[in-house]
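K.L.:
First residue of the sequence shown? That's 443 in my numbering, and the numbers climb one at a time after it.
Here it is, the structure in full.
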Amino acid sequence: MRQWKDLIGMPHRDRAPGWRPATLRGIYLGSLAGLMLTMLITIGRIYLGSAARGGLAIFSSTEDIATAQQVAYTFVPMVMGVIIGVMWSFTEYDALRLEPYFLLSNPKGASADVLLLNYVFGHFTTTPFRAARNRHWVAFCVSILSISLQLILPAVLGNLVSAEVVSLHFPQTLKTWPRFINLDTHAYWTFHNIANQALSINLAHSTNDVIGSRRYAMPPVQTYWNSGSEEDMWRLNQSVYWADVSCAYIDGDGLLAELSRIEGDHEALPVSELLLSDQGGTRLANVAGAFDTCTARSDQEEDMDIPQIQYWKLLQWNENPKFCGQFDLVGVAVHANQVVDAQHGSNKSSDQFSPFGCSVDYMTAEAEVTLYANGSVALVDVQSDAATNLSETGFDTVMFSSSLLRMAVATNHMDDQYGMLSQGDVWSEVDAAISQSFVPLMSRTFDLRQTVHVKSIRIVQRVALLVQKSSVLVSATILTFGVVLVASLLYLYPRRPNFLSGNPASIASMCCIATDVIDATSLEKLSQMELEVLSTRQLRCFLRKGSCSWRETTQGQRLAISFPDSKSS
């Protein structure tokens, strides 16, 4: 503290006499510091309140925000920042204008180049650099705060509050029906009823249907949908169920012979067209018997010049015993290539077929399910590491599998709408076809008579007026620095040595200072040095070598200007 007092010339007494403008007096500086502190506290309380409530105000849409609220939250903080900047500009002007006089009032003296010091004229953004170079720290801090209050603070406060779409989370209890029915007591699980309902199921769960999940079946959940909740979502933990399908091409001499015989019997109808026309599967029904003896291929690559798969079809299902000892379903994929007849100049279709088998496992796992307001599935996050086989839960997978496999074969009517499929696409298509039957069928196994209440999180999309954290940090930093600096000036200026008896702005006041304050001997010596021929830069370099100090003369305290080569002052 003593070094700081020595630096600014503060004597070790309570107060020093001298003239000061109103902007450097206690009332004005105290009011300015109080205004900055009030603004700082207000911004802090607004930010904490916004963070606690999720926003200053919450609306259903931007149209619900009143014009008065937009003006209040957008322009009022910026206007307050401008007011603080304008009030500070008066203090800044007087502080920089009078800084040379306070430096000359230092009892320990000052460098003679202070006589040329002027922080008022020139662009205010250059003042901090000149003050730092001269080590005038009061002027440096004042100019830094001026730049912050005039250039940065209004822009930051203008962006203090903004309207943004936010997600609000509220706990809510929903109704669900996760328990299974007794499959033995329901006659509609027979194949006859399933086949009759196949068309309606396919239409209800087409590729254009957004209700439900394509792969996962889950218990039904009752959500709340009204005119104000179209955008709401619910998140809850549920058990989900899916069919894990794995397929492979297989070899079997009996199967190949049966397919070749069928194609030979219908010379005008190759296997690819036969699959399209035989929607009922009557012509291919006896082919499944050839799967009694077959083996899965270890090499899945087809020995073809251009292996393309255009058609595929599930032929038959069998659960116990399984086909080839491991497959629940068998089918055939047809490779269709165009062959050019060079002699007749015509194209004909040459088909090659590959039988395949698929095994189906029924799995279940806990998942975090996100639902839309209308009950459709938005997201399913499955904990795959905790997946278990559905048969381990006591569910009758034997009867369920019988119905599912029959449905998958009965509803598998392929056409050429998919175009040419690659080999990898076949397994995806088969998996999708089986899942298309699995999801609606599994959804009918939940008992709607046994209601269970589960905890969920309701996610509400709303428009909120949020206080920006970055704007709060920047504005709080500037205002805190302003409060500390103004409080320091409030303590400093009454105690700084000051020889002024009035406002030195007029020419008459400057003449009085030259005659009544500066020592006459020093003025006479300066007049003999022919300093008028020097430029401002040269004069400043010359005065930097000298010093100003207070000395007792016959006329009282006078400011003497001396140089190292001077014999007397």
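The C-beta atom is built at its ideal place from N, Cα and C for all residues, glycine as well.
All values reported here derive from a predicted model rather than from experimental measurement.
Could you name the residues that DSSP lists as bridge partners for residue 805?
P.N.:
Per DSSP, 684, 831.
K.L.:
Hey, out of 881, 996, 939, 974, whose CA is closest to residue 963's CA?
P.N.:
Closest option to residue 963, Cα to Cα, is 996.
K.L.:
Since I believe residue 538 is in contact with residue 581 (beta carbons under 8 Å), could you give me their beta-carbon distance rounded to a whole number of angstroms?
P.N.:
Their Cβ separation, rounded to whole angstroms, is 6 Å, which keeps residue 581 and residue 538 in contact under 8 Å.
K.L.:
Residue 515 to residue 522, Cα distance in whole Å?
P.N.:
The alpha-carbon atoms of residue 515 and residue 522 are separated by roughly 12 Å.
K.L.:
When the Cα of residue 613 is compared with those of 933, 944, 989, 897, which residue comes out closest?
P.N.:
Out of 933, 944, 989, 897, 897 has the C-alpha closest to the C-alpha of residue 613.
K.L.:
Once the 5 residues before and after residue 503 are set aside, which same chain residues still bring their CB inside 8 Å of it?
P.N.:
Hits under 8 Å: 905.
K.L.:
What three-state label does DSSP hand residue 579 in the structure shown?
P.N.:
Three-state DSSP puts residue 579 in a helix.
K.L.:
Skipping 5 residues on each side, what residues in its chain have a beta carbon closer than 8 Å to that of residue 888?
P.N.:
Counting only Cβ-Cβ distances below 8 Å, and skipping sequence neighbours, we find 619, 620, 621, 622, 623, 661, 662.
K.L.:
Can you list the alpha helix (DSSP H) stretches of 4 or more residues lying completely in the stretch 883-967, in chain order?
P.N.:
Counting only runs of 4 or more, we get 911-934, 949-958.
K.L.:
Of all the options 492, 584, 558, which has the alpha carbon lying nearest to the alpha carbon of residue 908?
P.N.:
The residue with the shortest Cα to Cα distance from residue 908 is 492.
K.L.:
For residue 838, name the three-state secondary structure that DSSP assigns.
P.N.:
Here residue 838 sits in coil by DSSP.
K.L.:
Could you please give the first and the last residue of the uninterrupted alpha helix (DSSP H) stretch that includes residue 979?
P.N.:
Segment 978-986, the alpha helix (DSSP H) holding residue 979.
K.L.:
Return the bridge partner residues of residue 616 from the DSSP annotation.
P.N.:
According to DSSP, which records beta bridges pairwise, residue 616 is partnered with 896.
K.L.:
Is it right to say residue 755 is buried, meaning 16 or more other beta carbons lie within 10 angstroms of its own, or is it exposed?
P.N.:
The residue in question, residue 755, is buried, as its Cβ has 16 or more Cβ neighbours within 10 Å.
K.L.:
Can you tell me where the alpha helix (DSSP H) holding residue 999 begins and where it ends?
P.N.:
No alpha helix (DSSP H) holds residue 999; the beta strand (DSSP E) holding it covers 998-1004.
K.L.:
Within its chain, find whatever has a CB closer than 6 Å to the CB of residue 1012; leave out the 5 residues flanking it on each side and keep chain order.
P.N.:
This structure cannot settle anything about residue 1012, because the visible part of the chain is limited to 443 through 1011.
K.L.:
Taking only the alpha-carbon atoms, compute the straight-line gap between residue 506 and residue 586 and give it to the nearest angstrom.
P.N.:
Rounded to the nearest angstrom, the two C-alpha atoms are 42 Å apart.
K.L.:
Locate the alpha helix (DSSP H) running through residue 516, then write down its first and last residues.
P.N.:
Start and end: 509-546.
K.L.:
Can you find at least 3 beta carbon pairs, one from the stretch 865-883 and one from the stretch 464-474, that sit closer than 8 Å?
P.N.:
Output reads no: the stretch 464-474 does not touch the stretch 865-883.
K.L.:
Report the three-state DSSP secondary structure of residue 552 (helix, strand or coil).
P.N.:
If DSSP states are grouped into helix, strand and coil, residue 552 belongs with the strands.
K.L.:
For residue 667, is the classification buried or exposed, using 16 other Cβ atoms within 10 angstroms of its Cβ as the cut-off for buried?
P.N.:
Exposed is the call here.
K.L.:
Does residue 1010 pass the burial test, meaning 16 or more other C-beta atoms within 10 Å, or should it be called exposed?
P.N.:
Low confidence applies here, because residue 1010 scores a pLDDT of 41, under 50, leaving its location unreliable; read the following figure in that light. The residue in question, residue 1010, is exposed, as its Cβ has fewer than 16 Cβ neighbours within 10 Å.
K.L.:
When you compare each of 479, 657, 676 to residue 665 by their alpha carbons, which one comes out closest?
P.N.:
Checked all of 479, 657, 676; the closest Cα to residue 665 is 676.
K.L.:
Quick one: Cα of residue 846 to Cα of residue 900, how far?
P.N.:
Cα to Cα, the separation comes out at about 35 Å.
K.L.:
State yes or no: is the C-beta of residue 940 within less than 9 Å of the C-beta of residue 460?
P.N.:
Yes, the pair counts as a contact, with Cβ atoms nearer than the cut-off.
K.L.:
Determine the extent of the alpha helix (DSSP H) in which residue 991 is found, giving its start and end residues.
P.N.:
Taken as a continuous stretch (DSSP letters only), residue 991 belongs to no alpha helix (DSSP H), being part of the beta strand (DSSP E) at 989-995.
K.L.:
Is the stretch 962-977 in contact with the stretch 930-940, if contact means three or more CB pairs nearer than 8 Å?
P.N.:
With the cut-off at 8 Å, the stretch 962-977 and the stretch 930-940 do not touch.
K.L.:
Roughly how many whole angstroms lie between the Cα atoms of residue 625 and residue 852?
P.N.:
One C-alpha to the other measures close to 21 Å.
K.L.:
With burial defined as no fewer than 16 other Cβ atoms inside 10 Å of the residue's Cβ, what is the status of residue 679: buried or exposed?
P.N.:
So residue 679 counts as exposed.
K.L.:
Report buried or exposed for residue 953, applying the criterion of at least 16 other Cβ atoms within 10 angstroms of its Cβ.
P.N.:
By the neighbour-count rule (16 or more Cβ atoms within 10 Å), residue 953 is not buried but exposed.
K.L.:
Tell me whether the beta-carbon of residue 992 lies closer than 9 Å to the beta-carbon of residue 986.
P.N.:
The answer is no: Cβ separation not under 9 Å.
K.L.:
Along the alpha helix (DSSP H) that carries residue 820, what are the first and last residues, could you check?
P.N.:
Residue 820 -> not in any alpha helix (DSSP H); beta strand (DSSP E) instead, spanning 819-824.
K.L.:
Identify every residue that forms a DSSP beta bridge with residue 764.
P.N.:
The partner list for residue 764 (beta bridge, DSSP) is empty, contrary to what the question assumes.
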